[in-house]
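Participant: The sequence shown lines up with residues -19 to -1, 1 to 461 when you count with mature numbering (1 follows the signal peptide of the UniProt record, and there is no 0). Using N, Cα and C, we set each Cβ at its ideal position, and we do this for glycine too. Just dropping this structure here.
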Amino acid sequence: MISPALLALALAAAADAGAGVPLAAAEAATPPPVLTLDAAFRRAREASLELRIAGERLAQARTLARKAWSHYLPQVTAGGSYAWNSEDVVLDLPTSFAIRDLGRPTSAPRAALPPYDPGRPFSPVNLPGEATTLALVPTSVEELELQRRTQYGVQAEVRQALLAPRLWPAIRNAYLAEEVAGAQVADTRQKLLYGVAQLYYGAATLREAVAVQERTLETWRRHETDAEHLVAQGAAPRLALLKARTDRARAEQELIRTRNAYAAARLALATLLDRDADFDVERPPEPPAPSAGAREQEERAARRPDVEAARGRLALAQGQRREAAAAYLPTLGVSGTWRWASITGFTGEHAGWTVMLGLQWTLFDGGRREAELADAGHRAAEADAALALASNKARDDVRRARLDLDSAAAAARKAEEQAALAREALEQAQRAHAAGAATYLEVADATSAASSAELGLVAATLDARLARLALARADGTFDP
């Protein structure tokens, strides 16, 4: 938004500007190119750093939905490993047997062992039965590779959430955050263009004031020339010539100050547009008069971008509260894993897969969910109060803008009437002076009064234009 101090610098520089360029040099300067109001709006949209920042924030908000969906969409991962071990480990596992008679007992005779106790667990020292000459002889052996000096493998995993209650409001909240960011961008754009319009109308008004000062200066120069002739002819005292020269010098100084004020206004506008101040402005179109009643304007104000942003923040806060409440529900997911290893392990196969269905339910987390739910509730209450405040402010802006517009319109009408009367008074004073019925002092006073009335009309016209812009900004219809 445009700083009030910046606008004041552009509109009130005439009272504070110091000595500027010489008047003759200013008159001889080449007219710069004209910057139209539409071109200023386009430049603001293209070069504004505030809009660029707001646009980047909107782009960041648009990624939130993709991030939220990423937790619900399938997750696919793949990995590989290569390991170095100190030694090989191979297990010889018999897979088939034959019974053979060895001709001698294959175990210690019963007399060498304690008697069998059925009440004790089976063990090498608590064997049932008697010794025999039969034995189980392996006929085939499978070598199981449990470890190699160098081994490697790959793995791929797919996970999918089936029931994730907390993700549902999180996805909705991501879209709400995008809407809030969009409303904030619209509000920033409207404030920026409103500031551009303010500065442009102010600069155009100062340009009109320069034209008034130039006409006034020409009038004082004619008065000085007439006074010189009258004094030379002895028809007027020298005091009249001194007064004419004083008025002409004062008009030159006022013109310099007004031109410097106009240059300051263009500089402020150029700073906002991020460009050089090597341009002139033209008379902008009159802002449209309000076409709706007070109630309709207040209803429009309730849909302003800043109010919409506050309304979106309330919906977002309520969604975050639902997201915190959903943390009490369980989550259900499925995952599948495929593996390939350079060793076969106990299965004897290099490849294998696993499918798992998992349920997770947090029963107690130390009160964190309760704290998050309470925090979300307070944020929702804060957002609700902020929305009410924004709505009240929008309604108040409309009512104040309407009052200001009524006052500015009345002042403009009075200023126009006073300017017309002052011009008529000046014409009558000039005719009376030409007929010898009025003194030069009376003509000088009429000239000063006409100049002041013209400048007052210019200022009142600016106030009326800015009041219309302010009302359009207040009810949300300002959209260049």
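Would you kindly work out how many angstroms separate the C-alpha atoms of Thr328 and Ser77, rounded to a whole number?
Facilitator: As a position in the sequence shown, residue 328 is number 347, starting the count at 1. As a position in the sequence shown, residue 77 is number 96, starting the count at 1. In this model, Thr328 and Ser77 are separated by some 17 Å (Cα to Cα).
Participant: What residues in its chain sit with their C-beta under 7 Å from that of Leu447, if we drop five residues either side in the sequence?
Facilitator: Within the sequence shown, the letter at position 466 stands for residue 447. Once the five neighbours on either side are set aside, the close Cβ partners of Leu447 are Gln179, Tyr182.
Participant: Does the Cβ-Cβ distance between Leu74 and Gly326 come in under 9 Å?
Facilitator: Position 93 of the sequence shown, counted from the first residue, corresponds to residue 74. Position 345 of the sequence shown, counted from the first residue, corresponds to residue 326. For Leu74 and Gly326, no; Cβs fall outside 9 Å.
Participant: Asn154: buried (16+ other C-beta within 10 angstroms of its C-beta) or exposed?
Facilitator: Here residue 154 refers to the residue found at position 173 of the sequence shown. So Asn154 counts as buried.
Participant: Within this structure, are the beta carbons of Gln136 and Arg320 separated by less than 9 Å?
Facilitator: What you label residue 136 is simply residue 155 of the sequence shown in a count that begins at 1. What you label residue 320 is simply residue 339 of the sequence shown in a count that begins at 1. Contact flag set, yes.
Participant: Kindly indicate the opening and closing residues of the alpha helix (DSSP H) around Ala79.
Facilitator: Within the sequence shown, the letter at position 98 stands for residue 79. Premise fails: Ala79 lies in the beta strand (DSSP E), 70 to 82, not in any alpha helix (DSSP H).
Participant: Could you tell me which of Gly358, Leu250, Thr169, Ala453 sits nearest to Val262, measuring between CA atoms?
Facilitator: Position 281 of the sequence shown, counted from the start, is the residue given in the question as residue 262. Of the listed residues, the one whose Cα sits closest to Val262 is Leu250.
Participant: Using the Cα positions of Arg130 and Gly60, report the straight-line distance between them to the nearest angstrom.
Facilitator: For the purposes of this step, residue 130 is taken as the residue at position 149 of the sequence shown. For the purposes of this step, residue 60 is taken as the residue at position 79 of the sequence shown. Cα to Cα, Arg130 sits roughly 21 Å from Gly60.
Participant: Does DSSP put Pro119 in a helix, in a strand, or in coil?
Facilitator: Taking the first residue of the sequence shown as 1, we reach residue 119 at position 138. Pro119: strand per DSSP, three-state reduction.
Participant: Given a threshold of 16 other Cβ atoms within 10 Å of its Cβ, counted over all protein chains shown, does Gln194 qualify as buried or as exposed?
Facilitator: In the sequence shown, the residue the question calls residue 194 occupies position 213. Looking at its Cβ environment, which holds 16 or more other Cβ atoms inside 10 Å, Gln194 is buried.
Participant: Relative to the C-alpha of Ala440, which residue among Pro461, Ala389, Gln411 is closest?
Facilitator: Numbered from 1 along the sequence shown, position 459 holds the residue referred to as residue 440. Measuring from the Cα of Ala440, the nearest candidate turns out to be Ala389.
Participant: Asn373: buried (16+ other C-beta within 10 angstroms of its C-beta) or exposed?
Facilitator: Indexing the sequence shown from 1 puts residue 373 at position 392. Asn373 comes out exposed.
Participant: Going by the beta-carbon positions, is the gap between Ala403 and Ala425 smaller than 9 Å?
Facilitator: Position 422 of the sequence shown, counting from 1, holds the residue named residue 403. Position 444 of the sequence shown, counting from 1, holds the residue named residue 425. Against a cut-off of 9 Å, the Cβ pair of Ala425 and Ala403 comes out as no contact.
Participant: Which one of Val161, Val177, Pro265 has the shortest CA to CA distance from Pro286?
Facilitator: By one-based count along the sequence shown, residue 286 stands at place 305. Measuring from the Cα of Pro286, the nearest candidate turns out to be Val161.
Participant: If we ignore side chains and look at the alpha-carbon of each, how far apart do Glu159 and Val288 end up?
Facilitator: As a position in the sequence shown, residue 159 is number 178, starting the count at 1. As a position in the sequence shown, residue 288 is number 307, starting the count at 1. Taking the straight line from one Cα to the other gives about 15 Å.
Participant: Hey, out of Ala352, Gln399, Arg226, whose CA is closest to Ala308's CA?
Facilitator: As a position in the sequence shown, residue 308 is number 327, starting the count at 1. Nearest option by C-alpha distance: Ala352.
Participant: In whole angstroms, what separates the C-alpha of Ala361 from that of Arg302?
Facilitator: For the purposes of this step, residue 361 is taken as the residue at position 380 of the sequence shown. For the purposes of this step, residue 302 is taken as the residue at position 321 of the sequence shown. Using only the alpha carbons, I get a separation of about 8 Å.
Participant: Could you check where the alpha helix (DSSP H) with Tyr156 kicks off and where it finishes?
Facilitator: Mapped onto the sequence shown, residue 156 falls at position 175. Where Tyr156 is concerned, the enclosing alpha helix (DSSP H) stretches over 148 to 214.
Participant: Within 10 angstroms of its Cβ, does Asn66 collect 16 or more other Cβ (buried), or is it exposed?
Facilitator: Position 85 of the sequence shown, counting from 1, holds the residue named residue 66. By the C-beta density criterion, Asn66 is exposed, having fewer than 16 other C-beta atoms within 10 angstroms.
Participant: Specify the secondary structure class of Glu263 as computed by DSSP and reduced to three states.
Facilitator: Position 282 of the sequence shown, counted from the first residue, corresponds to residue 263. Here Glu263 sits in coil by DSSP.
Participant: Just to confirm the assignment: which complete beta strand (DSSP E) runs, minimum length 3, are found wholly within the region 317 to 400?
Facilitator: Fully enclosed beta strand (DSSP E) runs of 3 or longer: 332 to 341.
Participant: Within its chain, find whatever has a CB closer than 7 Å to the CB of Tyr175; leave out the 5 residues flanking it on each side and keep chain order.
Facilitator: Within the sequence shown, the letter at position 194 stands for residue 175. In the same chain as Tyr175, and ignoring 5 residues on each side of it, the C-beta atoms closer than 7 Å to its own belong to Leu450, Arg454, Phe459, in chain order.
Participant: Could you have a look at Tyr309 and say whether DSSP puts it in helix, strand or coil?
Facilitator: Within the sequence shown, the letter at position 328 stands for residue 309. The answer is helix: DSSP assigns Tyr309 an H, G or I state.
Participant: Rounding to the nearest angstrom, what Cα-Cα distance links Ala(-6) and Pro271 in this structure?
Facilitator: As a working mapping, residue -6 is identified with position 14 in the sequence shown. As a working mapping, residue 271 is identified with position 290 in the sequence shown. Summary for Ala(-6): the model assigns pLDDT 36, below 50, so the residue's position carries little reliability, and this model does not support an answer.
Participant: Could you check the C-alpha separation between Arg380 and Leu211 for me, to the nearest Å?
Facilitator: Working through the sequence shown from its first residue, we reach residue 380 at position 399. Working through the sequence shown from its first residue, we reach residue 211 at position 230. Computed Cα separation, rounded: 58 Å.
Participant: Work out the CA separation of Ala192 and Ala7 for me, nearest whole Å.
Facilitator: Sequence index remark: in the sequence shown, residue 7 carries index 26 (1-based). Sequence index remark: in the sequence shown, residue 192 carries index 211 (1-based). Any answer about Ala7 is weak, because its pLDDT of 43 lies below 50 and its placement is not dependable; what the coordinates show is given next. Approximately 13 Å between the Cα atoms of the pair.
Participant: In chain order, what residues of the same chain have a beta carbon less than 6 Å from the beta carbon of Ala225, not counting five sequence neighbours either side?
Facilitator: Along the sequence shown, read from residue 1 onward, the residue named residue 225 stands at position 244. Excluding positions up to five away in sequence, the list reads His204, Glu205, Ala208.
Participant: In whole angstroms, what is the alpha-carbon distance linking Leu32 and Thr335?
Facilitator: As a working mapping, residue 32 is identified with position 51 in the sequence shown. As a working mapping, residue 335 is identified with position 354 in the sequence shown. Rounded to whole angstroms, the gap between the alpha carbons of Leu32 and Thr335 is 52 Å.
Participant: On a CA-only basis, which of Val15, Val70, Glu189 is nearest Gln128? Give me that one, please.
Facilitator: Taking the sequence shown and counting its residues from 1, one reaches residue 128 at position 147. When each option's Cα is compared against that of Gln128, the closest is Val70.
Participant: State the start and end residues of the unbroken beta strand (DSSP E) segment that holds Thr58.
Facilitator: Residue numbering aside, residue 58 sits at position 77 when the sequence shown is read from its first letter. Counting along the chain, the beta strand (DSSP E) containing Thr58 begins and ends at 56 to 65.
Participant: Express the C-alpha separation of Ile324 and Pro119 in angstroms, rounding to a whole number.
Facilitator: Looking up residue 119 in the sequence shown gives position 138. Looking up residue 324 in the sequence shown gives position 343. The alpha-carbon atoms of Pro119 and Ile324 are separated by roughly 24 Å.
Participant: Whose C-beta lies closer than 6 Å to the C-beta of Asp255 among residues of the same chain, with five residues either side of it excluded?
Facilitator: Position 274 of the sequence shown, counting from 1, holds the residue named residue 255. For Asp255, where only same-chain residues beyond five positions count, the Cβ hits under 6 Å are Ala28.
Participant: Which residue comes first and which comes last in the beta strand (DSSP E) that contains residue 463?
Facilitator: Any property of residue 463 remains undetermined from this structure, which presents the chain solely from -19 to 461.
Participant: How would you write the range of the alpha helix (DSSP H) that Asp444 sits in, first residue to last?
Facilitator: The residue labelled residue 444 in the question sits at position 463 within the sequence shown. Note, Asp444: alpha helix (DSSP H), 421 to 455.
Participant: Under three-state DSSP, which class holds Glu111?
Facilitator: In the sequence shown, residue 111 corresponds to position 130, counting from 1. Glu111 falls in the coil class under three-state DSSP.
Participant: Verify whether the separation of the beta carbon atoms of Ala305 and Asp356 is less than 9 Å.
Facilitator: By 1-based counting over the sequence shown, the position of residue 305 is 324. By 1-based counting over the sequence shown, the position of residue 356 is 375. Their beta carbons are under 9 Å apart, which means Ala305 touches Asp356 by this criterion.
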